[in-house]
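Those protein sequences? They're chains R, H and C, same order as listed.
By this note's numbering, the letter at position 157 of the first sequence is numbered 157, and the numbering carries on one by one without gaps.
By this note's numbering, the letter at position 446 of the second sequence is numbered 630, and the numbering carries on one by one without gaps.
By this note's numbering, the letter at position 151 of the third sequence is numbered 940, and the numbering carries on one by one without gaps.
The C-beta atom is built at its ideal place from N, Cα and C for all residues, glycine as well.
Keep in mind the model is a prediction, meaning the values are calculated, not measured.
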Amino acid sequence: MNTTINDKNSQKIVDYIKNFARKNSLFVMAYGTGCGAIEIPPTMTSRYDAERFGIRGAATPRQADVLLITGYLAVKTLKRVIRVYEQMQNPKYVIGFGSCTINGGMYWDSYNTINALDRYIPVDVYINGCMPRPEAVISGFVALQEKIQRGDADNGKKYQENLEWYRNNQKKIIKDWKMPDYNW
Amino acid sequence: MSFFDLKGLLQPLTGIRQFGNKPHTIKFPDQTKKTADRYRGLHYNDLDVCIGCGNCSTICQNAAIDMIQLDGIEGKPGDSGLRPRVDNGRCCWCALCVEVCPTGSLNLTKDYIFVSENPDDFLWIPGVKNPEGKNNLSFTSTTETSLSMYQRVPLRELDPHDRVKSFAEVILGYNEEEARLEAQRCISCGLCTEVCPDHMHIPEYINAIAQGNDDDALRIIYDNNPFPEMCGKVCTRRCESVCALTHRGKEFDPGRDEGAVAIRFLKRYATEAYPTAEKIKEIVNPEIKEANGYKVAIIGAGPGGLTAGYYLALQGYDVTIFEARAHAGGMTFYGIPKYRFPEDSVDKQVEYMEKVGVKFKYNTKVGKDIKFEDLHAKYNAIFMSVGFQKAWNLGIENENIPGAISAVDYLGKINAGESYDVGKKVAVIGGGNVAIDGARVSARYGADVTILYRRRIEDMPADWEEIEAAQHEGVNIITQAIPTRIIKGDNGKVKAIEYLKAEMVADDKGGRPRPVAIEGSETILEVDTVIGAIGQEGDYSFIPETFQKKIQIERGRILVNEDMQTGDSKVFAGGDSVNRRADAISAIADAYKAVKAIDKMLMNK
Amino acid sequence: MDNELLKEQELLNAITKAYDVKGNVIRKGRVEVFVKKELIPSVLLYVKEQKGYKHLSHVACIDWIEQGEFQLTFNIWSHADKIMLYVKTRIDRENPVMENLDGIWDQLNTYEREFREMFGIEFTGLVGEKEFILEDWDDMPPMRRDFDTVQYSKDHYYFRPGREDAKDVRKTLTDRTGEEIPDYATKYSREK
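As structure tokens, this is what we get:
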């Protein structure tokens, strides 16, 4: 049932409820790249217990809300990441872990890893660290939750709107483009 | 297995015993895990301590650190005025930057949580972004753990008991192994070049020595200093006082710049590696331009005159140096004792200059043997570096009787090979290097030497190592002593010196404390000789009145513009008679500037 | 002769006697032999079949750009002798061709594919996908020393802007003082 509510205040309430629900059930795509994936087990297990924030794993991209890019991305991995990201359903969020996703980190001069993640997929929150500790990871999630509650986290839509720009960047380094185009 | 399994039913209930236990999970965000003692979190930089040497930026393997200009931070001697900015999108918290920070201003804190939606936020200026980080330091470097070497390679020198017996050179210098080791301590920041009056290329030649390429080191040194052996031995080395390594080197030797890279002795090593003038010519192999027909006269063969002569000769000028005395070198020959700067070193340098075409006219005093007007008429340009020849009077009673002499005259006599009998007991008045020289030379003639100085030892303008060496050689230093009169003996010679004790009074204007004589504290010291070394001044009597007016001499100094040009456009001047620093390297710097200006003036004609 | 090194010397003697190769005993348990490219298959077979050096633990490739050669080092371990034998050979850098050796040890196939991709060494008769680790690579083999990895990263992967105001300390000082560093000295200046 798709009803639109004309009343401005009512829309606000609906948005609030929607965002509240979204932020408290973040299903994280269980896909680890780079070294940061090792920080996920302590974050999820009893010591830090991320599940109390509604953060839990998801088995497939189509069930997931959050894509964690846990560290450096080789060009080869980037292909898979793009594919995973495009399979995820809106609303979808990306968290960049560590220096590598911001400006290359210690792999800045590598011939095979990208430097700035937001050139290829939109990123919601960056967590600084090399690697970030579980507290920092939780802080990152909390920041993402705040962003969702504010209603700013609509990068999935942004990606579709600016698809051409992203595709250009992606195709610049992925020369042999054999990826399916999704019909959102 | 029966349908009704009691154990299976009750087992989950055992969890109840955990009820009331403290949970294992940490609370967020109230409780964060305690970090390790030397945890490496975000950077903190103490902006006041930082000197902007850029060592952090150079060592960073991830090219994460930039040196940038910050508002409100100006460069000053020993501080480049730049401060590090860390790109946290590159940093991997290896803390190499902390390990090599020569001042210890850059540290890592315990803060490690930094989340942002904007990737540009991660450009982080430590100390500006987190001023509170000071109280939260975690990973700091100490001189023990640091990767920089703060301790200077010890210098070999003669034993004090042996050295007072002769004029043999006291400091033996570095051998090859020691020089390489010492050169490797340099972090090549270049802060030293700013305070060097001549702006020598210090990091470059030290790096060349460190890499084992002495030829290149010598070539780089000769680029703007043709008198490096002298500088290597007796330079006032302002460079070492601002060396980045002094900041923590002080821990090993408080109050001194011992931690600094031994720039002076490395330069000395580079020049001593080539013992003859031929060898220097072969290595430096300067490009000598074709003769351009212009003639330049230089008055005074001191460091300034020699420098101007050398570089003008390289530019193709016909250069003649007029020297009043029998030997080139000026005060570096006649004023500095041979145990600090041996005659061979001077001769080697002068011989090399003759090889590139500089002409010398010794025993030719301008004003007496040749007229200044003639020089002015015959030559296209004149460079004057006549220095300060005349000693200041002590201004006390009986100072001109036999047995009282100025240090300049005394050292000049000794260095020229003449003899002067100082007797058994000598008093030297003054606290500069010249006073110490006079004292140490007298000590070498077996005299019992006392230095009288108005202020305290730490106020002495002489180099600390000179003061220390003098003390090792048995020179007694009486501080806060103001000489009042020289007492004449029956034979008309000096018998004793009377001085007043002084107390230091803080200056209201914020200057250094002044000595004020204590009434009635007259003390008499019996001496045979009194050597006055309280300063020198110039003697410009060789310049005719008419020219003096044009050249403009004010308060004992020749006025020049920034090109070292005097009021007379043809006449340039440099050295002690122009600048207030009164050391050889400043004379060299002045001459180097004047050469450029003379070249510009004559070539644009 | 040190008694402890008897086994090592024995091995070296056996190899040098059988083939025209040179070698050294490095220390206890470490022996190296320098072999011409053509002799590599027979030497490897000899030590594997006759001397009991059955465990190929690693193969390394080194780019000796100054000498214009690649060096392959085969590390072969004998469980009986407890000796690591280094068989070293040099290949011309301009024309890096080598015989395929994966018949001797199967795992050599993996190493050879890596060397083909990372150093551009051609192994005649090597079977296997051309692409090993890299995908869509169209530049010089990246592990060669003349490959400028920073420049490649700059060209392809976009450095985030905002850092252009960085200043060089040495240059700031020379600007302030007017010092002119001669050309022959700049190579000793600090790298930025």
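Beta carbon proximity, residue i to chain H, threshold 8 Å
i	result
lysine 147 of chain R	yes
arginine 952 of chain C	yes
tyrosine 973 of chain C	yes
leucine 943 of chain C	Correcting the residue identity first, residue 943 of chain C is lysine in this sequence and not leucine. Output row for lysine 943 of chain C: interface = no.
glycine 140 of chain R	yes
methionine 44 of chain R	no
glycine 57 of chain R	no
Contacts that residue i makes with chain H (C-beta to C-beta distance below 9 Å)
i	result
serine 978 of chain C	Ser372, Gly374, His385, Pro387, Glu388 and Asn391
Beta-carbon spacing of residue i, residue j below 8 Å
i	j	result
threonine 377 of chain H	isoleucine 386 of chain H	yes
isoleucine 666 of chain H	proline 697 of chain H	no
valine 28 of chain R	leucine 68 of chain R	yes
isoleucine 715 of chain H	glycine 622 of chain H	yes
threonine 43 of chain R	alanine 50 of chain R	yes
tyrosine 495 of chain H	valine 779 of chain H	yes
valine 625 of chain H	leucine 595 of chain H	yes
glutamine 655 of chain H	isoleucine 661 of chain H	yes
methionine 414 of chain H	phenylalanine 567 of chain H	no
tyrosine 808 of chain C	alanine 392 of chain H	no
Amino acids of chain C, ordered along the chain, whose beta-carbon sits closer than 9 Å to that of residue i
i	result
lysine 171 of chain R	Those do not exist, as lysine 171 of chain R stays about 11 Å from chain C at its closest Cβ, beyond 9 Å.
isoleucine 174 of chain R	Glu924 and Asp925
proline 344 of chain H	Neighbours of proline 344 of chain H on chain C: none; closest Cβ ~38 Å, over 9 Å.
Limits of the unbroken beta strand (DSSP E) element including residue i
i	result
glutamate 901 of chain C	That residue, glutamate 901 of chain C, is in no beta strand (DSSP E); its alpha helix (DSSP H) goes 897-907.
glycine 622 of chain H	Run containing glycine 622 of chain H: none in the beta strand (DSSP E); it sits in the alpha helix (DSSP H), 617-628.
lysine 609 of chain H	609-613
Chain C contact residues for residue i, given Cβ-Cβ distances below 8 Å
i	result
asparagine 112 of chain R	Leu923 and Pro931
arginine 83 of chain R	Going along chain C, no residue has its Cβ under 8 Å from arginine 83 of chain R, so there is no contact; the nearest lies around 14 Å.
Contact set between residue i and chain H, taken where Cβ atoms lie within less than 7 Å
i	result
threonine 966 of chain C	Thr377, Glu378 and His383
glutamate 39 of chain R	Those do not exist, as glutamate 39 of chain R stays about 12 Å from chain H at its closest Cβ, beyond 7 Å.
CB contact below 8 Å: residue i versus chain C
i	result
serine 133 of chain H	Beyond the ends of chain H as shown, which are 185 and 789, falls residue 133 of chain H; an answer cannot be given.
asparagine 115 of chain R	yes
arginine 80 of chain R	no
asparagine 162 of chain R	no
valine 123 of chain R	no
methionine 179 of chain R	no
lysine 191 of chain H	no
threonine 420 of chain H	no
arginine 167 of chain R	no
serine 264 of chain H	yes
isoleucine 404 of chain H	yes
cysteine 237 of chain H	yes
Residue i at chain R interface by Cβ criterion, 8 Å
i	result
glycine 317 of chain H	no
isoleucine 210 of chain H	yes
tyrosine 808 of chain C	no
phenylalanine 948 of chain C	yes
serine 241 of chain H	no
glutamate 229 of chain H	Correcting the residue identity first, residue 229 of chain H is asparagine in this sequence and not glutamate. So, not an interface residue.
glutamine 839 of chain C	no
The alpha helix (DSSP H) enclosing residue i, as first and last residue numbers
i	result
glutamate 424 of chain H	422-425
phenylalanine 188 of chain H	No alpha helix (DSSP H) holds phenylalanine 188 of chain H; DSSP gives it neither H nor E.
isoleucine 598 of chain H	591-599
lysine 672 of chain H	That residue, lysine 672 of chain H, is in no alpha helix (DSSP H); its beta strand (DSSP E) goes 665-672.
tyrosine 536 of chain H	527-539
Chain-ordered chain C contacts of residue i [CB-CB under 7 Å]
i	result
aspartate 109 of chain R	Thr938, Val939 and Ser942
leucine 684 of chain H	What leucine 684 of chain H touches in chain C: nothing, since even the nearest Cβ is about 45 Å away.
valine 75 of chain R	Glu924
Chain H contact residues for residue i, given Cβ-Cβ distances below 8 Å
i	result
isoleucine 970 of chain C	His385 and Glu388
Partner residues on chain R for residue i, Cβ-Cβ distance less than 8 Å
i	result
asparagine 272 of chain H	Ser99, Ile102 and Asn128
Heavy atom of the ligand ZN within 7 Å of residue i beta-carbon
i	result
methionine 106 of chain R	As far as ligands go, the structure on display features none, and thus does not contain the ligand ZN.
Within chain R, partners of residue i - CB distance below 7 Å
i	result
lysine 217 of chain H	Glu135
Between the stretch 309-318 of chain H and the stretch 217-229 of chain H, do three or more beta carbon pairs fall short of 8 Å?
yes
Validate contact between the stretch 818-828 of chain C and the stretch 897-906 of chain C using beta carbons, cut 8 Å, 3 pairs:
no
Hey, is the stretch 264-282 of chain H in contact with the stretch 235-246 of chain H, meaning 3+ C-beta pairs nearer than 8 Å?
yes
Is the stretch 387-406 of chain H touching the stretch 959-974 of chain C in the sense that three or more CB pairs, one from each, lie closer than 8 Å?
yes
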